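J.:
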Amino acid sequence: MEKHVISAVNKLSGGPNNGALSSDEEASGGETEMDDHQTRIEDRELKDRLLRQYGNHINSLKLEFSKKRKKGKLPKEARQTLLEWWNVHYKWPYPTEGDKMSLAELTGLDQKQINNWFINQRKRHWKPSENMHLAMMDSLSARHFCVED
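Last residue of the sequence shown: 149 in the UniProt record's numbering, with the numbers rising by one and none dropped.
#1: Identify the continuous alpha helix (DSSP H) that holds L61 and give its terminal residues.
#2: Under the three-state reduction of DSSP, which class applies to T96: helix, strand or coil?
#3: I'd like to check one pair, W85 with L103: are the Cβ atoms closer than 8 angstroms?
#4: Under DSSP, the alpha helix (DSSP H) around H89 begins and ends at which residues?
#5: Quick one, which of K100, E64, S129 has its alpha-carbon nearest I119's?
#6: May I ask you to check if the CB of R124 is nearer than 7 angstroms to at least one heavy atom of the ligand ATP?
#7: Is it a yes or a no for the region 43 to 54 touching the region 76 to 84, going by three-plus beta-carbon pairs under 8 angstroms?
#8: Between which two residues does the alpha helix (DSSP H) holding W117 run?
#9: For Q80, I'd like the list of residues in its chain whose CB is within less than 7 angstroms of its CB, leaving aside the five on either flank, ordered along the chain.
#10: Work out the CA separation of K71 and N87 for me, nearest whole Å.
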């Protein structure tokens with residue numbers, strides 16, 4: 001086995017004397033060709049064994065990665081429906097779970113797509129008013145400072 005490894009390393013590196021035959025190689029005749037053939041057979045066996053052992057896992061990873069590609073824009077009709085809901089509820093554009101379910105039915109999108117669209121839309125286009133922030137802070141502070149009898 002050690003002889004095979006040394007032979008493979010020498011072959012890859014151009015050999016210890018860059019292609020010139022050593023006295024051992026000259027004496028052996030075609031032994032290095034047999035070593036090379038044996039090395040190729042062992043390489044092929046290793047590759048086949050690894051494919052049998054890990055092939056299914058590799059294929060499932062390929063499939064998973066291919067699914068994660070960006071799918072592009074949502075259909076125009078779906079975007080229009082979501083924008084209509086957005087415009088009606090602009091002051092507080094947080095749909096309830098029921099709203100999301102009905103929007104999913106209307107648009108043909110799944111709830112994850114609906115959620116992502118609203119997250120992106122709020123981040124890109126919604127500026128909550130200063131009054132809304134103050135009102136929310138007042139209501140939160142009022143809850144904490146209420147004294148019960």
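Note that the Cβ used here is the ideal one computed from N, Cα and C, for glycine as well. These numbers were taken from a predicted model, which means no experiment stands behind them.
T.: Quick look at the numbers:
#1: Per DSSP, L61 is one residue of the alpha helix (DSSP H) stretching across 31 to 67.
#2: Residue state for T96 is assigned as coil, using DSSP reduced to three classes.
#3: Yes.
#4: Premise fails: H89 is in no alpha helix (DSSP H) and is neither H nor E.
#5: Of the listed residues, the one whose Cα sits closest to I119 is K100.
#6: For the structure depicted, the ligand ATP is absent and the ligand set is empty, with no information on it obtainable.
#7: Contact fails: fewer than three Cβ-Cβ distances are below 8 angstroms.
#8: Taken as a continuous stretch (DSSP letters only), the alpha helix (DSSP H) holding W117 covers 111 to 125.
#9: Shown here for Q80: not one same chain residue has a beta carbon closer than 7 angstroms to its own, the five before and five after excluded.
#10: The straight-line gap separating the alpha-carbon atoms of N87 and K71 is approximately 26 angstroms.
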